[in-house]
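Read through the structure below, which is laid out as structure tokens, and then see the notes.
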Amino acid sequence: MQVVTQYILQSDPKMHKFLKENSQWYKELNRNSKNYDLFVKEMKKKYRLNPTDKISDTIDNIDMVSTIIKTIT
13 MQVVTQYILQ
23 SDPKMHKFLK
33 ENSQWYKELN
43 RNSKNYDLFV
53 KEMKKKYRLN
63 PTDKISDTID
73 NIDMVSTIIK
83 TIT
């Protein structure tokens, strides 16, 4: 694995956590540094960091708050 890739993985807590939980990525990243993009996509997919996921979560939170306000009043 390239030193730059190692530094990036260590500096981001979510990437580091995902790498610890899915150790097969060590092998993939060591074999080819181009797999880094795949690694990032999988991490975002698991932790719901994509823009569409964030929007969906925000809408769900708004719906929940709206429901709570309706029940209170």
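Residue numbering for the sequence shown follows our numbering, starting at 13 and increasing by one per position. By construction, the Cβ of each residue, glycine as well, lies at the ideal position given by its N, Cα and C atoms.
Beta-carbon gap between residue i and residue j smaller than 8 Å
{"i": "Leu50", "j": "Met13", "result": "no"}
{"i": "Thr17", "j": "Tyr38", "result": "no"}
Beta carbon proximity, residue i to chain B, threshold 8 Å
{"i": "Asn34", "result": "As a matter of chain content, chain B is missing from the structure shown, which is built from one protein chain."}
Delimiting residues of the alpha helix (DSSP H) encompassing residue i
{"i": "Asn73", "result": "Pro63 to Ile84"}
{"i": "Lys53", "result": "Tyr48 to Tyr59"}
{"i": "Ser45", "result": "Segment: none, Ser45 is in no alpha helix (DSSP H) and carries neither H nor E."}
{"i": "Ser35", "result": "Run containing Ser35: none; DSSP gives neither H nor E here."}
{"i": "Gln14", "result": "It is not in any alpha helix (DSSP H) - Gln14 carries neither H nor E in the DSSP assignment."}
Residue i, buried or exposed, once every other Cβ within 10 Å from all chains shown has been counted against 16
{"i": "Tyr59", "result": "exposed"}
{"i": "Met55", "result": "buried"}
* May I ask you to verify whether the region 23 to 40 touches the region 63 to 76, counting CB pairs closer than 8 Å and requiring at least 3? => Taking one beta carbon from each stretch, the region 23 to 40 and the region 63 to 76 have fewer than 3 pairs nearer than 8 Å; the two do not touch.
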